[in-house]
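Trainee:
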Amino acid sequence: MEDNLIFKRKIYSDILKWKNSQIQNSALLIEGARRIGKSTIVEEFAKNEFPNNYLIVDFRKESDDLKSLFNDVKDLNNFFRQFFLLQDKVLNEGGLIVFDEVQFCPKAREAIKDFVSDGRYRFIETGSLISIKENTQNIMIPSEERRIEMFPMDFEEYLWATEDNDSFSLLKSYIDNHQSIPKAIHDKYLEKFRTYLLIGGMPKVLSIFIKTNSFKLADDEKRDILKLYRDDLRKHDNKYGTICGTIFDAIPSQLAKDNRRFFISSVSGKKRYAQLEKSLSDLCDFRIVNRIRFINTLESPIGLNVEEDKFKLYFCDTGLLITELTRVSEESMNKVYFNFIKGKKQSLNLGSIFESISAQQLCLKGYNLYYHKYELLGENGKLNSYENDLVIEKDFKVNAIEIKSSSNYTTSSLDNIKKKYKQLKVSRYVFGIKNVKYESDKTTYPIYLLLLLF
Numbered sequence: 055m056e057d058n059l060i061f062k063r064k065i066y067s068d069i070l071k072w073k074n075s076q077i078q079n080s081a082l083l084i085e086g087a088r089r090i091g092k093s094t095i096v097e098e099f100a101k102n103e104f105p106n107n108y109l110i111v112d113f114r115k116e117s118d119d120l121k122s123l124f125n126d127v128k129d130l131n132n133f134f135r136q137f138f139l140l141q142d143k144v145l146n147e148g149g150l151i152v153f154d155e156v157q158f159c160p161k162a163r164e165a166i167k168d169f170v171s172d173g174r175y176r177f178i179e180t181g182s183l184i185s186i187k188e189n190t191q192n193i194m195i196p197s198e199e200r201r202i203e204m205f206p207m208d209f210e211e212y213l214w215a216t217e218d219n220d221s222f223s224l225l226k227s228y229i230d231n232h233q234s235i236p237k238a239i240h241d242k243y244l245e246k247f248r249t250y251l252l253i254g255g256m257p258k259v260l261s262i263f264i265k266t267n268s269f270k271l272a273d274d275e276k277r278d279i280l281k282l283y284r285d286d287l288r289k290h291d292n293k294y295g296t297i298c299g300t301i302f303d304a305i306p307s308q309l310a311k312d313n314r315r316f317f318i319s320s321v322s323g324k325k326r327y328a329q330l331e332k333s334l335s336d337l338c339d340f341r342i343v344n345r346i347r348f349i350n351t352l353e354s355p356i357g358l359n360v361e362e363d364k365f366k367l368y369f370c371d372t373g374l375l376i377t378e379l380t381r382v383s384e385e386s387m388n389k390v391y392f393n394f395i396k397g398k399k400q401s402l403n404l405g406s407i408f409e410s411i412s413a414q415q416l417c418l419k420g421y422n423l424y425y426h427k428y429e430l431l432g433e434n435g436k437l438n439s440y441e442n443d444l445v446i447e448k449d450f451k452v453n454a455i456e457i458k459s460s461s462n463y464t465t466s467s468l469d470n471i472k473k474k475y476k477q478l479k480v481s482r483y484v485f486g487i488k489n490v491k492y493e494s495d496k497t498t499y500p501i502y503l504l505l506l507l508f
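Residue numbering for the sequence shown follows this note's numbering, starting at 55 and increasing by one per position.
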């Protein structure tokens, strides 16, 4: 198969801001989960912004001789002389040096302080979070490092990859003008969004699908990524006594339950939450998993209302989740996936998938995510229980979000917030498969607009 396609990524503009900053006193570290396209975007950036004046050092492949140079960087003139000899290339001052997969040479990362102070070259580092965290125990993390996180491709980046470059501005125009979206356009983007859910945001998976139009080949690549993640987690667990792999494996079955809460007892026996916190924190730090915490009230700031032992877990990429949920023959897979895209009756758990993608899209925008349950006495004297699927705080304002995967919309959990929290002003939204609907104190939007509106 030909080389992977190169896709436009939003993080490129963030890297460009770093390059053009008037205060050039930092290296840039791009970190994230494995297989999300870190190395590809940095190489593309180097080619475009530092033509013929860049060098990419892939520490997965470099020799021990080169790595040993970083043990002593006191004499930088001598260091760079030897460094460029081993690379068989010399850069002009102001050129870019990329330390790809820097976790495989921790001393190179530690030396960033001296390189930045020297000022001859610019430096970008990339690294997978599961390895970066592990390989920093014996080095001093440089304060001259500016970090940005990278995530799987979002829905807009997926549209760009499929040569649909103007859709978000078109959709935004309807929202800005307080209009519903024409049915033909709405149906079109629901199909596009469902296809995105199936493929996911891993660039190589999308590249394979675009070139072959094969769900089977795309799924094969996703299973390779899942195996890679599991191998990494197994090594981590063996070294640190954690149970990250066990938790990761349990996520799909936990999401199949009606309330989708992750029950600790399913993986830990009699172990307490405190004993599992390191495993949970590591999974989240590696950006392999998104954790949605429970809050016991909507009073702001909501982050102070967390009950740590109650949470939901989702994969970092919904495409990986669907592949994990779908273990069928190629013929059955095509039928299941076609029905999914067309919105026909199918066996996939739509509720967990729609919640998963909603969490994924909001996490990549930097939100802390929560869910909330509350009780309210009904008119019949019965105590009723309600759950808000997602709660975020934006600009000190609480937003309650209901995620709907079917056309049967009941929004009692949103409708009763005003009765439960009479003194609070909570913005309420529904995201699902229906078109835009504006109400005085609640708005319904199509699920594919979630990224656009927050």
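Glycine residues also receive a C-beta, built at the ideal position from the N, C-alpha and C atoms.
Given this structure, state the Cα-to-Cα distance separating residue 343 from residue 317, to the nearest angstrom.
Mentor: Roughly 15 angstroms separates the two Cα atoms.
Trainee: With H, G and I counted as helix, E and B as strand and the rest as coil, what does DSSP make of residue 106?
Mentor: Coil.
Trainee: Count the other CB atoms, across all protein chains shown, that sit within 10 Å of the CB of residue 55; report buried if there are 16 or more and exposed otherwise.
Mentor: For residue 55, the predicted structure reports a pLDDT of 43, less than 50, and the residue's modelled location is therefore unreliable. A value from the coordinates is still provided. Looking at its Cβ environment, which holds fewer than 16 other Cβ atoms inside 10 Å, residue 55 is exposed.
Trainee: Would you report the Cα separation of residue 469 and residue 504, rounded to the nearest angstrom?
Mentor: Those two C-alpha atoms are separated by around 20 angstroms.
Trainee: I need the DSSP call for residue 211, collapsed to helix, strand or coil.
Mentor: Helix.
Trainee: Locate the alpha helix (DSSP H) running through residue 321, then write down its first and last residues.
Mentor: Taken as a continuous stretch (DSSP letters only), the alpha helix (DSSP H) holding residue 321 covers 319–322.
Trainee: Hey, could you find the ends of the beta strand (DSSP E) residue 257 is sitting in?
Mentor: Here residue 257 belongs to no beta strand (DSSP E); instead the alpha helix (DSSP H) covers 257–266.
Trainee: In whole angstroms, give me the CA-to-CA distance for residue 421 and residue 371.
Mentor: The alpha-carbon atoms of residue 421 and residue 371 are separated by roughly 16 angstroms.
Trainee: Does the pairing of the stretch 424–444 with the stretch 328–339 give three or more beta-carbon distances under 8 angstroms?
Mentor: No, the stretch 424–444 is not in contact with the stretch 328–339.
Trainee: Going by other Cβ atoms of all chains shown within 10 Å of its Cβ, with 16 needed for buried, is residue 445 buried or exposed?
Mentor: Classification for residue 445: buried.
Trainee: Would residue 236 and residue 94 be called neighbours here (beta carbons separated by less than 9 angstroms)?
Mentor: Not closer than 9 angstroms, so no.
Trainee: Report the rounded CA-to-CA distance for residue 285 versus residue 322, giving the unit in angstroms.
Mentor: Computed Cα separation, rounded: 20 angstroms.
Trainee: Give the secondary structure of residue 365 by DSSP, where H, G and I count as helix, E and B as strand, and everything else as coil.
Mentor: In the structure shown, residue 365 sits in a strand (DSSP, three-state: E or B).
Trainee: What number of angstroms, rounded off, separates the C-alpha of residue 276 from the C-alpha of residue 259?
Mentor: In a straight line, the C-alpha of residue 276 is about 7 angstroms away from that of residue 259.
Trainee: Inspect the CB distances between the stretch 105–112 and the stretch 193–204 and report whether three or more fall short of 8 angstroms.
Mentor: Not touching, per the Cβ criterion.
Trainee: Give a yes or no on whether the C-beta atoms belonging to residue 137 and residue 120 are separated by under 9 angstroms.
Mentor: Contact: yes.
Trainee: Can you name the start and end residues of the alpha helix (DSSP H) that residue 410 belongs to?
Mentor: First-last of the alpha helix (DSSP H) with residue 410: 404–417.
Trainee: By a C-beta neighbour count over all protein chains shown, 10 Å radius and 16 as the cutoff for buried, is residue 376 buried or exposed?
Mentor: With 16 or more Cβ atoms within 10 Å of its Cβ, residue 376 is classed as buried.
Trainee: Going by alpha carbons, who is nearest to residue 426 out of 456, 451, 416, 397?
Mentor: Ranking 456, 451, 416, 397 by Cα distance to residue 426 puts 456 first.
Trainee: With three or more beta-carbon pairs closer than 8 angstroms as the criterion, would you say the stretch 352–372 touches the stretch 299–316?
Mentor: Yes, the stretch 352–372 is in contact with the stretch 299–316.
Trainee: Contact check, residue 207 vs residue 92 under 8 angstroms by CB: the rounded distance?
Mentor: Between residue 92 and residue 207 the Cβ distance is about 12 angstroms, and since that is not below 8 angstroms, they are no contact.
Trainee: Going by beta carbon distance, what residues of the same chain come within less than 8 angstroms of residue 280, once the five residues before and after it are set aside?
Mentor: Contacts found: 374, 377, 378.
Trainee: Determine the DSSP secondary structure at residue 426, reduced to helix, strand or coil.
Mentor: If DSSP states are grouped into helix, strand and coil, residue 426 belongs with the strands.
Trainee: Quick check on the burial criterion: 16 or more other C-beta atoms within 10 angstroms. Buried or exposed for residue 355?
Mentor: Classification for residue 355: exposed.
Trainee: If you count every other CB in all the chains shown that lies within 10 Å of the CB of residue 75, and 16 or more means buried, which is it?
Mentor: Looking at its Cβ environment, which holds fewer than 16 other Cβ atoms inside 10 Å, residue 75 is exposed.
Trainee: For residue 145, count the other beta carbons within 10 Å of its own beta carbon; 16 or more makes it buried, fewer makes it exposed. Which is it?
Mentor: Label assigned to residue 145: buried.
Trainee: Indicate whether residue 59 and residue 265 have their beta-carbon atoms separated by less than 9 angstroms.
Mentor: Against a cut-off of 9 angstroms, the Cβ pair of residue 265 and residue 59 comes out as a contact.
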